[in-house]
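Residue numbers (the numbering used here): 128 to 674.
Ideal Cβ placement from N, Cα and C applies to all residues, glycine included.
What follows is a set of notes on a single structure, which appears directly below.
This is how it looks when you write it as structure tokens:
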């Protein structure tokens, strides 16, 4: 298969195997897709409700005959506003644009004397990878994926290799939930992905140039130039003893035989479809979202606002009654300023009725509902800081609270989104020869996340180390002799994400600049705690913990 046969296959190792070919039979793939599609059906009504109230005008998996909610039927925007804020906060806290949110460090199996030179090389590779992310459409597409994640609990980001000559080596796309059918593998990850979409014949010809050589496609294109065909893309774990994932793209059209329906097949070292979830319950495949948790309050708040608006219209125009005395015709009465309404002598004419509702009670109920919605969608945790300045203690306390709120979710996103995304991107650049080849397995090279949310744990570790140093200092100068100042400085640099070229590893001390040893220089050990105290109070270091 040539590189132009399928764009995303260019980033995978194009190896063929009889076992993998047997797995990629069109009929077997269609049957497996049908079974997985039927299992997804139980989630579609719930997804529809979530999108109706949090992201209206979206139609993911709408059941047949159900038109879905429209913007005209929405009266309260609390859920939509909070969902957008949460998605934006996740973008800035997990994958901030134009900011390094990951780094590479030598693994645990690398000898100590080789870590210094290796760290500098890995830091350059991380800078190049970050530059590729910044030049691509990553920030735009991942934000859309975060919206799906917040609303429906499940999202998918496609990472393909861009053609040579483009500004970035990557091309990202947020896959709509309506196009996705997922299966969970033995490891608990969404490693089986089916994406079905309708494509025009022109788009199919550009994506799969081999179609131009098939007579049925050329004839269909002449006869029905505006026709659209269903395309089913399948990514499955490769059968043993193979590694990676197998890929197949086939047409879903009854008039096309199986031989012509198979458009492309091959293998990937890293899957191009990265599916991830907010959280999940045992035994479930698709994730649960914060909008699902707040859905009863969202529906109730929407109904309360609707009733309040109706009550307000009654308060403005009023409800009137009139005697049917044959003189007053209510159909001809217009309630406008300065109007003169005739009435018979001795009749009551028009009499206003008292309004049936109380606005104060409705407002109390509505305030309580909106508070619970914003709390469920973390708008009160991840929002902007009201106070112009906060002390270091306030920053740490708020950071600890945010870490507690998002601890489980961040752990899942790290395993299902961030790590597979970096592995996929590294595989593309290594295949192009733009960065050196290394195994991102923790033993040779370790991936360290440096996003603001990931740095919360680093702040906690640094704070624990500071507390330990305070206790050691309280024991006296002899106890401080057990502290290796250089080792603490190196650990502090790695924990706070200092570039590798700034650190001098053990055994690489330049001659003429001996290291500080607290046993020889007790003053240096005594001043270590004060140095760390000043570093922790530095706003630049606390920036990772700020909201």
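Item: When you compare the CB positions of residue 357 and residue 379, do they come within less than 8 Å of one another, or not?; Value: yes
Item: Taking 8 Å as the CB-CB limit, is residue 343 close to chain B?; Value: Looking for chain B here will not work: only one protein chain is present.
Item: Measuring alpha carbon to alpha carbon, tell me which of 501, 456, 381 ends up nearest residue 208.; Value: 501
Item: Considering only residues of the same chain and omitting the five flanking positions on each side of residue 222, which have a CB-CB separation below 7 Å?; Value: 228, 269, 578
Item: Do residue 443 and residue 489 count as a contact pair if the criterion is CB distance below 8 Å?; Value: no
Item: If you draw a straight line from the C-alpha of residue 322 to the C-alpha of residue 258, how long is it?; Value: 29 Å
Item: Looking at the strands, I want to know which residues DSSP matches up with residue 299.; Value: 286
Item: Residue 297 and residue 286: beta carbons closer than 8 Å?; Value: yes
Item: For residue 397, which residues from the same chain have a beta carbon less than 6 Å from its beta carbon, with the 5 sequence-adjacent residues on both sides left out?; Value: 550, 551, 554
Item: Do the segment 340-348 and the segment 363-371 make contact, defined as three or more Cβ pairs closer than 8 Å?; Value: no
Item: How would you label residue 605, buried or exposed, when you count the other beta carbons within 10 angstroms and need 16 or more for buried?; Value: exposed
Item: Contact between the segment 559-572 and the segment 406-425: three or more CB pairs below 8 Å?; Value: no
Item: Have a look at the DSSP bridge pairing and note the partners of residue 403.; Value: 282
Item: Beta strand (DSSP E) containing residue 232: first to last residue?; Value: 229-233
Item: Once the 5 residues before and after residue 300 are set aside, which same chain residues still bring their CB inside 7 Å of it?; Value: 268, 285
Item: Tell me the residue span of the beta strand (DSSP E) that contains residue 614.; Value: Counting along the chain, residue 614 falls outside any beta strand (DSSP E), though it belongs to the alpha helix (DSSP H) covering 612-622.
Item: Give the DSSP bridge partners of residue 239, in chain order.; Value: Note: residue 239 sits in no beta bridge, so no partner.
Item: Taking the alpha carbon of residue 492 as the reference point, which residue from 429, 249, 200 has its own alpha carbon closest?; Value: 429
Item: Helix, strand or coil: which one does DSSP assign to residue 275?; Value: helix
Item: Is the distance from the Cβ of residue 505 to the Cβ of residue 541 below 8 Å?; Value: no
Item: By Cβ distance below 6 Å, which residues in the same chain neighbour residue 675 in space, the five residues on each side in sequence not counted?; Value: There is no way to answer for residue 675, as the model of the chain reaches only from 128 to 674.
Item: If the criterion is Cβ atoms closer than 8 Å, does the pair residue 582 and residue 236 meet it?; Value: no
Item: Which ranges does the beta strand (DSSP E) cover as unbroken runs of at least 3 residues, wholly within the segment 316-397, from first to last along the chain?; Value: 319-327, 355-364, 372-379, 389-395
Item: What's the call for residue 629, buried or exposed, on a 16-neighbour Cβ count within 10 Å?; Value: exposed
Item: Here's the rule: buried if 16 or more other CB atoms are within 10 angstroms of the residue's CB, otherwise exposed. What is residue 170?; Value: buried
Item: Exposed or buried, what is residue 354 when buried is set at 16 or more other beta-carbons lying within 10 Å of its beta-carbon?; Value: exposed
Item: If you run the structure through DSSP and keep just helix, strand and coil, what is residue 599?; Value: helix
Item: Please classify residue 431: does DSSP put it in a helix, a strand, or coil?; Value: helix
Item: Please list, in chain order, all residues of the same chain as residue 568 whose beta carbon is under 8 Å from its beta carbon, the five residues on each side excluded.; Value: 234
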